[in-house]
Amino acid sequence: MATPPWWEELVGVSEVLADADRAEIESWRGPDAQDASDELPPLTVRLGTLGRVYAEAGAGPLSEPLAEPGFSEVQTRQLFRLLEDVLANGRDEDRNAVATGFFEALLSAWDRGFDLRPVWQALGPASRAYCRSWNGFTGVGSPDWMR
Numbered sequence: 001m002a003t004p005p006w007w008e009e010l011v012g013v014s015e016v017l018a019d020a021d022r023a024e025i026e027s028w029r030g031p032d033a034q035d036a037s038d039e040l041p042p043l044t045v046r047l048g049t050l051g052r053v054y055a056e057a058g059a060g061p062l063s064e065p066l067a068e069p070g071f072s073e074v075q076t077r078q079l080f081r082l083l084e085d086v087l088a089n090g091r092d093e094d095r096n097a098v099a100t101g102f103f104e105a106l107l108s109a110w111d112r113g114f115d116l117r118p119v120w121q122a123l124g125p126a127s128r129a130y131c132r133s134w135n136g137f138t139g140v141g142s143p144d145w146m147r
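Start counting the sequence shown at 1; every next residue gets the next number (UniProt numbering).
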């Protein structure tokens with residue numbers, strides 16, 4: 001799958017995201033890659049990496065808070081606005097990649113202790129609906145603040 005047109009804006013939200021994407025691509029290609037400009041990980045994998053990195057950088061070690069947040073409020077809102085736009089208006093394959101890549105990684109981090117509550121307000125209606133639906137599918141109860 002080719003990189004979608006919205007991708008550069010998404011990873012441009014933060015150098016943390018851009019670095020994580022570059023590292024994922026390098027890891028996917030392997031150390032012996034010569035000219036692998038067309039060999040990219042699937043979009044779902046790349047978005048899963050961004051979701052995981054967001055949770056790690058946003059919360060630091062999942063058991064202790066950061067002295068400084070990894071993402072500013074502006075970056076968080078911009079990130080979730082872009083993801084919401086894709087989830088609500090994007091092509092089917094892009095919507096599926098955002099849902100099963102980014103949001104499932106974020107919810108997995110939440111299951112392991114990432115505090116999703118402070119950023120929940122930044123998620124748009126389609127993103128929130130997907131998260132609640134995924135919780136229902138996996139048998140995880142959604143707390144009142146998710147409703």
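Even glycine gets a Cβ: it sits at the ideal position worked out from N, Cα and C.
- Collapsing the DSSP output to three states places F103 in a helix.
- In this structure, V53 lies near A20, with their beta-carbon atoms less than 8 Å apart.
- Per DSSP, the continuous alpha helix (DSSP H) segment holding S127 begins and ends at P125 to T138.
- DSSP places Q121 in the coil class of the three-state scheme, outside both helix and strand.
- Note on Q75: 16 or more other CB atoms within 10 angstroms of its CB, so buried under the neighbour-count rule.
- Annotation for L82: W6, E9, L10 and V13 place their beta carbon closer than 8 Å to its own, counting only its chain and skipping 5 residues before and after.
- By the Cβ-count criterion, F137 is exposed, with fewer than 16 other Cβ atoms from all chains shown falling within 10 Å of its own Cβ.
- Counting along the chain, D92 sits inside the alpha helix (DSSP H) bounded by residues D92 to A97.
- Taking 8 Å as the cut-off, the beta carbon of L123 is found closer than this to the beta carbon of E84.
- Close CB contacts of T3 within its chain, under the 7 Å cut and outside five residues either way in sequence, are with L40 (chain order).
- Within a 10 Å sphere around the beta-carbon of E24 sit 16 or more other beta-carbons, which makes this residue buried.
- If you compare the alpha carbons of A109, A126, R112 and M146 with that of V98, the shortest gap goes to A126.
- Here L50 is near F102, since their CB atoms are less than 8 Å apart.
- Counting other Cβ atoms within 10 Å of its Cβ, A109 reaches 16 or more and is therefore classed as buried.
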